[in-house]
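Number of protein chains: 2
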Amino acid sequence: MVDLDHYLQETKAAVDLALMVDLPSAGTSKVGDAMRYSVEAGGKRLRPILCLATAHLLGTGQKAVIGIACALELVHAYSLIHDDLPAMDDSDLRRGKPSCHVVFGEAIAVLAGDALLTLAFEKVAAYGLENRQAAKAVRIATVLAVAAGVKGMIGGQELDLLAEGQTLTLQRVEEIAALKTGALFKAAVKCGALAAGAGQREIKVLSSFASSIGKAFQIVDDLLDSRGTVAELGKPVAADLKKAKATLPVLLGTEAAQARADQLYRLATAELKKLKGNTELLQMLAHRLVYRVN
Amino acid sequence: MVDLDHYLQETKAAVDLALMVDLPSAGTSKVGDAMRYSVEAGGKRLRPILCLATAHLLGTGQKAVIGIACALELVHAYSLIHDDLPAMDDSDLRRGKPSCHVVFGEAIAVLAGDALLTLAFEKVAAYGLENRQAAKAVRIATVLAVAAGVKGMIGGQELDLLAEGQTLTLQRVEEIAALKTGALFKAAVKCGALAAGAGQREIKVLSSFASSIGKAFQIVDDLLDSRGTVAELGKPVAADLKKAKATLPVLLGTEAAQARADQLYRLATAELKKLKGNTELLQMLAHRLVYRVN
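So the sequence lines, in the order shown, correspond to chains A and B. Sequential numbering of the first sequence, starting at 691, is according to my numbering. Sequential numbering of the second sequence, starting at 691, is according to my numbering.
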């Protein structure tokens, strides 16, 4: 039986170490320091871990995929910096610390986000060069770019901005979550699968798994946000509620929202049963993502 | 003899067409419309043209390289949108039209820049996938990412921001220009060379050529800016001077600055003489870039 806590701890440590190597050395530039600040601010490294766990399931080890795993975290970190900007969600607190623009100013924060996004693609290209995996690298870069672009995260952020103060349908709320959170979760799993040389069928099943887990993760995030305290969550409590942003718990109530998360978890694990190999790790990971307490 | 005007016109038209195909259709999203607005706002497509002219010199036609040429322009367009933001250079006018954030608001402008940068790497990956040139694509993506990143354009923009109101040395002014403008000029030529399968020696010579032309181009830009009118330049006149930004003409005077541009032009053309093949097109292009009147 997999010791999930041990796996998460070890894998997070490996990702943290690789990320620090990739980032500009401390003190060489303000943008570099802002990049480090935001990446070091923490986070659970869920996207890299999903990527690595998927590759592991398909028989490919951490060392070969760590660069891709880091690229996913860099894209996530960039999106948080830009989302927090005054012109966007105007959030002063992120993971219990002042947001990047609060510490470094808006101009440097914009540039730090830009630089993290750019570095993500540099990492994917480096994976292709260093491992003689150019063919895989271009497929991974495509998946990452599409997930991050107007049909993915950026599209989701636009819909989210336009949604402020609007009454949204359930369908639209789920659409926003699928783009803002789901797209990169799905990309994490797909990139891990591509790096491990997965076939079309495996990629399809794993994408469907990731899609359900991404949706469930977002619902749980919203549930925790509606109940949590600043100390627990490291971000302003019920910020979405104050801004009158519709979330699934707001629309359906917490019980029905939890039931939807449960259903999505069952859908996700049903997908895993279609795969050969030992899916225990991904299954436990899915459980943790959906039934976490912070 | 090459008809340069005809070449520039035809190549720009081909790049414009390819760019419009790449961008989201009009009216599908605000971010998509902001991307189109900024890319359609014009510009001479100098980076794509440098890329295509370099590939042409090395025997590789437009069709094979147009995706890479577009990626260079997308990176350029993203950088202009973010540079113009209120927190950055706070420029309301770009190419004679209201800047992206003036028309679409800051949030959408940030996202449009992000999306253009993301699309640039998607284009490079697509070049690798569609042309079965994955090995070239990962090298090109690396060149583009490094040129756009903290050791290139973003680093230059940081130095430029920090330079406001400061007294700069000649060396620092040239350093900023090398990063802000030179890095992408050099990347344009290198990417064209890589796509055409150039060897190390050719790449080195062409990079040196591009580096000199990039520096000369920036000096001429500053000279035109110090003399021009809004109608001619499409941006606020002498904006750099008003913000007390040091430029080479400000530091040296216009005559000495022109002499430096002349010298850089001669250095650039001397590099071209080291190459086999018909370098007439690149030479004429270099002349036009340095001795342009707008």
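Every residue gets a Cβ at the ideal spot worked out from N, C-alpha and C, and that includes glycine. These numbers were taken from a predicted model, which means no experiment stands behind them.
Margin query: If we define contact as Cβ-Cβ less than 8 angstroms, is LEU851(B) a contact residue for chain A?
Written below: Answer yes: the Cβ-Cβ gap between LEU851(B) and chain A drops below 8 angstroms somewhere.
Worksheet item: Does the beta carbon of PHE811(B) come closer than 8 angstroms to any beta carbon on chain A?
Response: With 8 angstroms as the cut-off, PHE811(B) counts as an interface residue toward chain A.
Item checked: Given ARG737(A) as reference, the closest of LEU834(A), GLU796(A), TYR817(A), ASP774(A) once Cα atoms are compared -> For the residues LEU834(A), GLU796(A), TYR817(A), ASP774(A), the minimum Cα distance to ARG737(A) belongs to LEU834(A).
Practice prompt. Give a yes or no on contact between the region 791-798 of chain A and the region 742-749 of chain A, applying the rule of three or more CB pairs nearer than 8 angstroms.
Written response: Counting C-beta pairs closer than 8 angstroms gives fewer than three between the region 791-798 of chain A and the region 742-749 of chain A, which falls short of the contact rule.
Skipping 5 residues on each side, what residues in its chain have a beta carbon closer than 6 angstroms to that of LYS734(B)?
Hits under 6 angstroms: none found.
Exercise for the section: Classify GLN823(A) as buried or exposed, calling it buried when 16 or more other Cβ atoms lie within 10 Å of its own Cβ. Expected result: With 16 or more Cβ atoms within 10 Å of its Cβ, GLN823(A) is classed as buried.
ask   = By Cβ distance, which residues of its chain are closer than 7 angstroms to VAL840(B), with the 5 residues on each side in sequence left out?
value = Cβ within range, chain order: n/a, list empty.
query = For ARG784(A), which beta-bridge partners are listed by DSSP?
reply = For ARG784(A), the pairing in a beta bridge is given by DSSP as LYS787(A).
Use the C-beta contact count for MET691(A): other C-beta atoms within 10 angstroms, 16 or more gives buried, fewer gives exposed. Label assigned to MET691(A): exposed.
Quick one, which residues of the region 757-777 of chain B are near chain A if we go by CB-CB under 7 angstroms, in chain order?
Answer set for the region 757-777 of chain B: HIS772, LEU775, ALA777.
(message) For a contact defined as C-beta to C-beta under 7 angstroms, what are the partners of ASP712(B) on chain A?
(response) Per Cβ cutoff of 7 angstroms: no residues; ASP712(B) is ~11 angstroms from chain A at best.
Exercise. On the three-state DSSP scale, how would you describe VAL721(B)?
Worked result: Here VAL721(B) sits in helix by DSSP.
| By Cβ distance below 7 angstroms, which residues in the same chain neighbour LYS932(B) in space, the five residues on each side in sequence not counted? | Bear in mind that the predicted position of LYS932(B) carries a pLDDT of just 47, short of 50, making it too unreliable to give a figure here.
- How many angstroms separate the CA atom of ALA838(A) from the CA atom of LEU775(A)? Between the alpha carbons of ALA838(A) and LEU775(A) lies a distance of about 18 angstroms.
Point to revise | Exposure of THR969(B), with buried meaning 16 or more beta-carbon neighbours within 10 Å | key: Residue burial annotation: THR969(B) is buried, with at least 16 other C-beta atoms found within 10 angstroms of its C-beta.
Item to complete: Leaving out five residues on either side along the sequence, give the residues of the same chain with a beta carbon under 6 angstroms from the beta carbon of ARG829(A).
Response: Cβ within range, chain order: LEU884.
Cut-off 6 angstroms between Cβ atoms - residues of its own chain near HIS772(A), not counting five sequence neighbours on either side
Around HIS772(A): GLY803.
Using a C-beta to C-beta distance shorter than 9 angstroms, which residues of chain A count as neighbours of ILE652(B)?
Given a span of 691 to 984 for chain B in the structure shown, any question on residue 652(B) remains unanswerable.
Whole-angstrom distance between ALA951(A) and THR937(A), CA atom to CA atom: In a straight line, the C-alpha of THR937(A) is about 13 angstroms away from that of ALA951(A).
task: In the DSSP assignment, find the unbroken alpha helix (DSSP H) run with ALA777(A) in it and report its ends.
output: No alpha helix (DSSP H) holds ALA777(A); DSSP gives it neither H nor E.
Practice prompt. Keeping to the same chain, check which residues put their C-beta closer than 7 angstroms to that of VAL814(A); ignore five residues upstream and five downstream.
Written response: ILE758, ALA761, ALA827, ILE830, ALA831, LEU834.
### Task
Spell out whether any CB of chain B is found under 8 angstroms from the CB atom of GLN847(A).
Yes, because at least one Cβ of chain B sits closer than 8 angstroms to the Cβ of GLN847(A).
Which of the three DSSP states is assigned to GLN953(A) in this structure? Helix, per DSSP.
**OP:** For the region 900-911 of chain A and the region 875-884 of chain A, state whether three or more C-beta atom pairs, one from each stretch, are separated by less than 8 angstroms.
**Re:** With a cut-off of 8 angstroms, the region 875-884 of chain A and the region 900-911 of chain A count as touching, because enough Cβ pairs lie within range.
Relative to the alpha-carbon of PRO714(B), which residue among GLU730(B), MET974(B), SER769(B), GLU700(B) has its alpha-carbon at the smallest distance? Ranking the options by Cα distance to PRO714(B), first place goes to GLU730(B).
**OP:** Look at GLY855(B) and ARG785(B) and say whether their C-beta atoms are less than 8 angstroms apart.
**Re:** No, the Cβ-Cβ distance between GLY855(B) and ARG785(B) is not below 8 angstroms.
(request) Find the residues of chain B that neighbour ILE844(A), judging by a C-beta separation of less than 8 angstroms, and give them in chain order. (result) The answer, in chain order, is VAL721, LEU801, ASP804, ALA805, THR808.
query = How many whole angstroms separate the CB atoms of ILE866(A) and ALA853(A), which I take to be in contact at a CB cut-off of 8 angstroms?
reply = Correct: roughly 7 angstroms between the Cβ atoms.
ask   = According to the neighbour-count rule (16 or more other Cβ atoms, all chains shown, within 10 Å of its Cβ), is ALA873(A) buried or exposed?
value = Only buried fits ALA873(A), as 16 or more other CB atoms lie within 10 angstroms of its CB.
Self-check item: Closest Cα partner of VAL910(A) within the set LEU770(A), VAL895(A), GLU820(A), GLN953(A)
Solution: Checking every option, the nearest Cα to that of VAL910(A) belongs to GLN953(A).
If we cut at 8 angstroms on Cβ distances, does GLY818(A) have a partner in chain B?
Chain B, which has a Cβ nearer than 8 angstroms to the Cβ of GLY818(A), makes this yes.
*With respect to the alpha helix (DSSP H) encompassing ASP695(A), which residues constitute its N-terminal and C-terminal limits?*
Boundaries of the alpha helix (DSSP H) around ASP695(A): 694-712.
Using the three-state DSSP reduction, which class does HIS873(A) fall into: helix, strand or coil? Note that residue 873(A) is Ala in the sequence shown here, rather than His. In the structure shown, ALA873(A) sits in a helix (DSSP, three-state: H, G or I).
- Item | CA nearest to the CA of SER916(A), picked from LEU942(A), ALA805(A), VAL895(A), LYS894(A) | Nearest C-alpha to SER916(A): LEU942(A).
### Straight-line gap, ALA888(B) to ALA976(B) (C-alpha atoms, nearest Å)
Going from the Cα of ALA888(B) to the Cα of ALA976(B) covers about 20 angstroms.
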